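Read the structure below first, then the notes.
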Amino acid sequence: MATGELKPRWGQPLTGIISFIVFFLIAWGTWYILSDPRGPVGWFPYPFVMFLAMMILVGLWQHMFLGDWPVQNLGQPMRGIVQTIMNVAIVWFVIDIVFYRILGLGFNFLSYYGLDAIGKPGKLAQVAIVCFVLIGFYTYPVVTIFFEKWPVRPSDLKQPAAGVAEFGWASVITLFAYTILIVPFFGLIFKSPALSTPWWAGIGGTPHVHWVFGWWEWAIVILFITANVWRMKPWSIITLPQPWKGIISVILSFIGAYILALISMKIIPLWVPEETFHHLHEAKGAGEVTRFLWLHSAEIAGFTLIPFLIWHHYFDDCCGMQDKDSWGAFWLRTIGVLILTAISYWFFYYANFGFWGLGNPHMAEFSHRFPNGESLLWNFWWIIPLLWNEWFFHKWPFYVEE
């Protein structure tokens with residue numbers, strides 16, 4: 383277990399640059415092996431997107447809730463290796479046992495085997511689980527970030543009791559949000575009288591679940607950028623006690639997320655070719671265009687992930703200012719993240735990394751590059767080695783104890 387402060391092994395910005403390159407190459411290499419259609423496995427994009435998503439969520443439970451229990455006292459890199467093995471085992475158990483064989487007994491859309499038995503594509507169960515993880519990316523960490531672990535902390539609870547209590551509390555919130563925001567979409571697909579259909583169709587212009595993706599992903603970005611390059615601003619100006627501070631922060635983050643999603647939808651036509659919209663409209667009508675705009679809003683949000691995560695964790699929030707917590711530093715990093723987001727977006731779509739780098743088969747033609755949403759998969763795939771190194775390996779070997 384680390385006992386001292388961590389410092390970059392090679393100073394800054396060299397440590398940040400080296401770690402950025404290493405994480406990119408790890409992500410790119412594993413993508414080629416597992417997901418690239420030209421690679422040895424070629425499972426593109428499912429089912430690895432489901433495993434990928436659940437790995438991040440389970441990693442969050444292990445690190446943010448349980449504090450790396452029960453291996454927190456192991457030295458590195460053994461601790462990281464053991465936690466990674468534990469993560470893979472837990473992910474298998476959650477997907478194949480909890481979802482497919484337990485929850486799937488009551489909800490067929492959560493069971494690959496249940497859907498197969500009634501002649502429905504098992505991929506729908508994978509989509510349902512990915513949607514659960516999408517909701518969980520906000521509802522689980524919000525307990526730690528906005529609510530400061532209320533109501534479990536402050537208390538003298540030890541691990542694993544404290545982590546299990548947080549998990550239970552956050553799971554209640556997650557199930558409520560999943561029921562309201564995801565289940566109606568499967569009511570639309572299966573047309574079952576026991577399941578309601580999407581109540582948001584008149585609000586978002588589409589009954590598709592991508593309406594949820596479009597603004598929920600921005601809410602996730604606001605939540606995590608708060609804990610990273612924003613260094614808890616602007617919510618730190620709220621002086622109310624918990625849970626009021628957390629509730630207000632959640633409400634404001636949702637409002638901000640929806641506004642950012644609407645702005646994204648307005649500006650997307652500035653660079654996405656008209657032919658793309660024409661193809662979508664010809665295929666399924668105006669509703670399909672709206673669905674694409676909501677999904678692509680989520681993709682734009684996804685491109686912010688690596689910039690703010692790597693800047694915080696491996697460039698130490700460098701800003702050229704003595705006070706990293708000043709408002710000047712806050713705005714500099716925010717603008718910097720947006721610029722890096724635009725560069726990453728250009729590299730994926732205009733330099734066409736999605737085609738020559740990742741093997742997305744539909745991206746050879748320019749107008750066909752945008753509608754399918756694979757950039758979101760890549761950006762989440764990319765953050766796994768970064769988060770694993772920070773959460774499980776305590777930044778080994780890029781940082782050393784001072």
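When you read off a place in the sequence shown, starting at 1, and then add 382, the result is the number in our numbering.
By construction, the Cβ of each residue, glycine as well, lies at the ideal position given by its N, Cα and C atoms.
Predicted model only: the values in this text are computed from it and were never measured.
What span of residues does the beta strand (DSSP E) with residue i cover, start to end?
i: Val464; result: Where Val464 is concerned, there is no enclosing beta strand (DSSP E), although the alpha helix (DSSP H) it sits in stretches over Met460 to Trp474.
Helix, strand or coil for residue i? Go by DSSP, reduced to three states.
i: Pro625; result: coil
i: Trp392; result: coil
i: Glu530; result: coil
i: Cys513; result: helix
i: Leu714; result: helix
i: Lys648; result: helix
i: Phe752; result: coil
i: Lys540; result: coil
i: Gln454; result: coil
i: Met383; result: Residue confidence is low: Met383 scores 41 on pLDDT, short of 50, so the model does not pin down where it sits. No coordinate-derived value is stated.
i: Gly488; result: coil
i: Glu747; result: coil
i: Arg535; result: coil
i: Tyr732; result: coil
i: Thr556; result: helix
i: Leu634; result: helix
i: Gly421; result: coil
i: Pro589; result: coil
At what residues does the alpha helix (DSSP H) containing residue i begin and finish?
i: Glu681; result: Ala668 to Gly684
i: Tyr495; result: Tyr494 to Ala499
i: Glu756; result: Glu756 to Trp773
i: Leu654; result: What sits at residue 654 in the sequence shown is Val, not Leu. Run containing Val654: none; DSSP gives neither H nor E here.
i: His695; result: Leu687 to His695
i: Pro566; result: Val565 to Phe572
i: Glu599; result: His592 to Ala609
i: Val440; result: Phe430 to Leu442
i: Trp738; result: Phe735 to Trp738
i: Ile585; result: Ala583 to Gly586
Based on the DSSP secondary-structure assignment, which residues constitute the bridge partners of residue i?
i: Glu783; result: Leu388
Is residue i near residue j, with beta carbons less than 7 angstroms apart?
i: Trp778; j: Gln458; result: yes
i: Leu722; j: Pro753; result: no
i: Pro566; j: Ser574; result: no
i: His695; j: Glu772; result: yes
i: Ser631; j: Phe528; result: yes
i: Tyr731; j: Arg751; result: yes
i: Thr686; j: Val603; result: yes
i: Gly710; j: Leu758; result: no
i: Val525; j: Ala543; result: no
i: Phe491; j: Phe568; result: yes
i: Gly462; j: Phe762; result: no
i: Gly504; j: Leu497; result: yes
i: Tyr494; j: Ala510; result: no
i: Ser325; j: Pro651; result: What is shown of the chain runs 383 to 784, which leaves residue 325 out entirely.
i: Phe737; j: Ala746; result: yes
Any heavy atom of the ligand SAH inside 6 angstroms of the beta-carbon of residue i?
i: Phe685; result: In the structure on display, the ligand SAH does not appear, and there are no ligands present to speak of.
Do we get a CB-CB distance below 7 angstroms when we pair residue i with the residues of chain B?
i: Gly424; result: No chain B is part of this structure, which consists of one protein chain only.
Measuring CB atoms only, is the segment 541-561 touching the segment 442-455, in the sense that at least three cross pairs come out at less than 8 angstroms?
yes
Spell out a yes or no on whether the segment 742-749 and the segment 688-704 are touching, meaning 3 or more CB-CB pairs, one atom from each, closer than 8 angstroms.
Output reads no: the segment 688-704 does not touch the segment 742-749.
Three CB pairs or more closer than 8 angstroms across the segment 505-524 and the segment 590-607
In short, these stretches touch, since the Cβ pair count reaches three.
Across the segment 395-402 and the segment 432-441, are there enough close Cβ pairs to call them in contact, namely three or more that are closer than 8 angstroms?
no
Check whether the segment 549-566 and the segment 605-616 touch, using three or more Cβ-Cβ pairs below 8 angstroms as the test.
no
For the pair the segment 609-629 and the segment 712-722, tell me if three or more CB-CB distances fall below 8 angstroms.
yes
Using a Cβ distance threshold of 8 angstroms, determine whether the segment 583-598 contacts the segment 664-684, with at least three qualifying pairs required.
yes
With a cut-off of 8 angstroms, do at least 3 Cβ pairs link the segment 616-626 to the segment 649-660?
no
Do the segment 760-772 and the segment 405-421 touch if we need at least three Cβ pairs shorter than 8 angstroms?
yes
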